[in-house]
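Heads up: the sequence shown at position 177 corresponds to 177 in full-length UniProt numbering, and the numbers run straight through without jumps.
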Amino acid sequence: MNINTERDNFEFDLDYSIVKEETILQDNKIEVYEENCQQNEDPQDNQETKDIVQFVITEVNERKYKCEICDQAYAHKSTLSSHMVTHSTEKKSKCNLCPAAFGSNKRLRRHIRETHSEKSYPCPICTKSFKVLNSLKLHIIRHTGERRYECNLCGQKFQDRSHRNRHVAVVHMGKRRKKPERKYKCDQCEKSFPYKCGLERHTSTVHNNVKNIPCPECPEMFKHKSYLQKHMSFHKL
1 MNINTERDNF EFDLDYSIVK EETILQDNKI EVYEENCQQN EDPQDNQETK DIVQFVITEV
61 NERKYKCEIC DQAYAHKSTL SSHMVTHSTE KKSKCNLCPA AFGSNKRLRR HIRETHSEKS
121 YPCPICTKSF KVLNSLKLHI IRHTGERRYE CNLCGQKFQD RSHRNRHVAV VHMGKRRKKP
181 ERKYKCDQCE KSFPYKCGLE RHTSTVHNNV KNIPCPECPE MFKHKSYLQK HMSFHKL
């Protein structure tokens, strides 16, 4: 695979030998071989290359860390630890601006940033506004249709980096993630889910009508975040 980035001014030949069965898994690590590397700078400085390599490693790596509660599996122990917080019934991280509470400080910080932040980034094309600048940038790309992330193997362009990386892994490397079996079936409708937590969320919000997402401005509660976002637009009038 040849990665040529004018911005970084070097040409880097990356041999994806990881596609060979005997080298994909060894002590649960992926071996990435680099051959014929001729460059003026360290290839690790090339963020585009690093992103693609990391994406492919994640795609093919064995998901050996399994959640004992919902059977969801992860390639990294740290990711499993973050996931386990979602099962905690004790929500220690409480928002001091509204009744909302979360299982981790990370989720609380995200809630405050997206819900209570005074910053607002309005879209110059439509009436939408965003609390996070990066969200505005992604939104504008959808307006303009700009495709700035190009596949160096076939020239196809994409609106965001993640879609380009998946294209490289699936189309050019034949790495397609196997879809998990939807073994958790709802006994009240025909829906089924690959993970137990998905079934529990479906049952509580759809069949039990549980509303546990509070509005920070009034006593209203909602089943889904999208309902809250629509409701919040009325507070801005």
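Using N, Cα and C, we set each Cβ at its ideal position, and we do this for glycine too.
Values in this document were obtained by computation on a predicted structure and should not be read as measured data.
Counting C-beta pairs with one atom in each stretch, the segment 127 to 144 and the segment 92 to 104 have fewer than three that are closer than 8 Å, which means they do not touch. CYS70 sits buried, since 16 or more C-beta atoms from the chains shown fall within 10 Å of its C-beta. In the three-state reduction of the DSSP assignment, LYS185 falls in the strand class.
Sorting LEU136, HIS163, ALA73, LEU133 by C-alpha distance to the C-alpha of ARG147 places HIS163 at the top.
DSSP places LYS157 in the strand class (E or B) of the three-state scheme. The C-alpha of LYS137 lies about 13 Å from the C-alpha of ARG161. The beta-carbon distance between LEU108 and TYR121, rounded to whole angstroms, is 22 Å. This is too long to meet the 8 Å contact definition. Secondary structure note for HIS111: its alpha helix (DSSP H) is the uninterrupted segment 105 to 111. Here the alpha carbon of SER226 sits roughly 31 Å from the alpha carbon of LYS77. Taking a C-beta distance under 8 Å as the contact criterion, PRO180 and PRO194 qualify as a contact pair.
PRO122 has SER129 as its beta-bridge partners, per DSSP. According to the DSSP assignment, GLY198 belongs to the alpha helix (DSSP H) that extends over 196 to 202. A check of alpha carbon separations from PRO214 across ARG201, ALA73, GLN229, LYS92 identifies GLN229 as the nearest. In the DSSP assignment, SER226 falls within the unbroken alpha helix (DSSP H) covering 225 to 235.
A straight-line Cα-Cα distance of about 10 Å links ARG201 and HIS224. No residue range can be given for MET173, since it is assigned to no alpha helix (DSSP H) and is classified by DSSP as neither H nor E.
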